[in-house]
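Under our numbering, the residue at position 320 of the sequence shown is numbered 306, and the numbers go up by one with no gaps.
Single-structure report; data block below.
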Amino acid sequence: MTSAGPRLVIVGGGVIGAATACFLAREHGISATVLERDPSYARASSALSASSIRQQFSTAINIALSRESLAYLRGIAEEIGLVERGYLYLASDAGRDALVANHATQRALGVDVVLLEPAALRARFPWIGVEDIALASLGLAGEGWFDGWSLLQHFRRAAIAGGARFVPADATRLVDAGGRIAGVLAADGMRFDADAVLVAAGAWSSKLVAPLGVDLPVRARKRDVFVLESPAALPGCPLVVDTSGVWFRPEGSGFIAGAPPRGDEADEAPLDAIDHGLFDDVIWPALARRVPGFEALRTSAAWAGYYEMNTVDHNALVGPLAGWRNLHLACGFSGHGMQHAPAIGRGVAAMLATGAWHAIDLAPLAPDRSAPLLERNVIG
Ligand SMILES: Cc1cc2nc3c(=O)[nH]c(=O)nc-3n(C[C@H](O)[C@H](O)[C@H](O)COP(=O)(O)OP(=O)(O)OC[C@H]3O[C@@H](n4cnc5c(N)ncnc54)[C@H](O)[C@@H]3O)c2cc1C
């Protein structure tokens, strides 16, 4: 490593690792070494994401992360193709109380969100079926979607321009020097000595720390996304989260849609095994019921990627790992890591560089938090 300053090694060059390397360079003058085993990102969540951003979370920390990240995304809106459009959460009688509780939290934290009774919902979106709807929640600002690949490349380019080194290397072992990590060993025998190590290895983070005796509840959970063509025109269509859990949003001249998987979930299920039955049996009926105009839609493509799911509370594990002097985590984003990458990268960079949280306090996401930080507003 040629730069002065601490030797920081980041395992994982996805959007989280790249964003952290970018802010280390930009705000702290530190050139990190980023180990990425697949520079094509073929299986990385960051390359397979639906890349949407919302303010409608149920926890203060996620709302704060969305607010700060949105400000960054707006600054590069053109580069990443940011479309600002709301999320629309639909609730039946069973979901009404949760929607009201989330709304109270969101309003208290300044989120621009409104509850809509069925008649008001229908007036705003005449193409939506409201028969079974008790209440809806619509984000009025600060939500939308963007091109995730462009955001990943933005952070990569900025990090490299600032002096970071992206090395194609498969990290196989964190070298345990008794309470601290002395470095990282790669499959080809290379060793990267380190003053501090950040594990940002997405869905594979647990595997990396398991040999240290650390049992992280982060698992690779496959999520299928279906690309839809439809003659239906849905003016002002937001990202809709249906009562069934099925979601859809505009994408290009069509739409994309997904749903929570059915039944028990395998760890790291093959990404090429798209569950077409999920579309036929669950997604299509829900879409046709919700939007009569969707009856003539058809799927033109599908892809799958891994949510890096924290199976305990669906929230990220971020910060120094207790019991280790220089081992940090940023993983387990459970389906909302793309939108939070700017704020997470900035915060983690500050912790690595200074030993304290600046700009944003990520302590609520501490890997050793004493109680689960349950995020109720999880999408599939
Ligand atoms: C279908 C789908 C839809 C999604 N929709 C959204 C959304 O709408 N909004 C949102 O905010 N988020 C969404 N997400 C989640 C979001 O994409 C992820 O949270 C985010 O991309 C995680 O980034 P990451 O850098 O932590 O992980 P990754 O992008 O997976 O990067 C981790 C990297 O680490 C590398 N790596 C792993 N192990 C090693 C090792 N041992 N040595 C070297 N390198 C290693 C991998 O190759 C990988 O490139 C979605 C995800 C999926 C799959």
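Glycine residues also receive a C-beta, built at the ideal position from the N, C-alpha and C atoms.
Burial of L303 is indicated by the presence of at least 16 other C-beta atoms within 10 angstroms of its C-beta. Spanning the alpha carbons of D267 and P350 requires a straight line of approximately 39 Å.
The beta carbon of E22 sits closer than 7 Å to those of G(-2), G(-1), F152, P154, all from its chain and outside the five residues before and after it, given in chain order. For R23, no beta strand (DSSP E) segment is defined, and its DSSP state is neither H nor E. S123 sits in a strand when the DSSP states are folded into three classes. At least one heavy atom of ligand 1 lies closer than 8 Å to the C-beta of Y292. For Q325, the shortest separation between its Cβ and any heavy atom of ligand 1 lies below 8 Å. Beta-bridge pairing by DSSP links C317 to L303. Scanning its chain for C-beta atoms nearer than 7 Å, with the 5 sequence neighbours on each side dropped, one finds around P(-8) the residues I16, D181, A182, in chain order.
The alpha-carbon separation between G323 and L85 amounts to approximately 23 Å.
Taking the Cα positions, L68 is about 38 Å away from V200.
The C-alpha of A50 lies about 15 Å from the C-alpha of V334. Here the region 91 to 107 does not lie against the region -5 to 14, with fewer than 3 beta-carbon pairs under 8 Å apart. A contact between stretches requires three or more CB pairs, one per stretch, nearer than 8 Å, and the region 309 to 318 fails this requirement with the region 270 to 289.
Excluding sequence positions up to five before and after R177, its CB lies within less than 8 Å of the CB of V161, G169, V170, L171, all in the same chain and listed in chain order.
Secondary structure of D210 (DSSP, three-state): strand.
In the displayed model, V99 falls within a strand according to three-state DSSP.
With respect to L137, I62 sits close: the two C-beta atoms are nearer than 9 Å. Between V213 and T285 the beta-carbon gap is near 6 Å, inside 8 Å, which marks them as a contact. Within the same chain, Cβ atoms closer than 6 Å to the Cβ of V116 are found at P104, L107, R108, the five residues on either side in sequence being excluded. In the three-state reduction of the DSSP assignment, E237 falls in the strand class, which pools E and B. Boundaries of the beta strand (DSSP E) around M295: 284 to 296. Remark: the C-beta of A46 is outside contact range of ligand 1, defined as less than 8 Å to any heavy atom.
Secondary structure at D162: strand, using DSSP grouped into helix, strand and coil. Remark: three or more beta-carbon pairs, one from each stretch, lie closer than 8 Å, so the region 119 to 136 and the region 70 to 78 are flagged as touching. At the C-beta level, H300 and V232 stay beyond 9 Å of one another. Restricting attention to beta strand (DSSP E) runs no shorter than 3 residues, the region 130 to 177 encloses them at 151 to 154, 157 to 162, 167 to 172, ordered along the chain. Taken from the Cβ of D156, at least one heavy atom of ligand 1 lies inside 8 Å.
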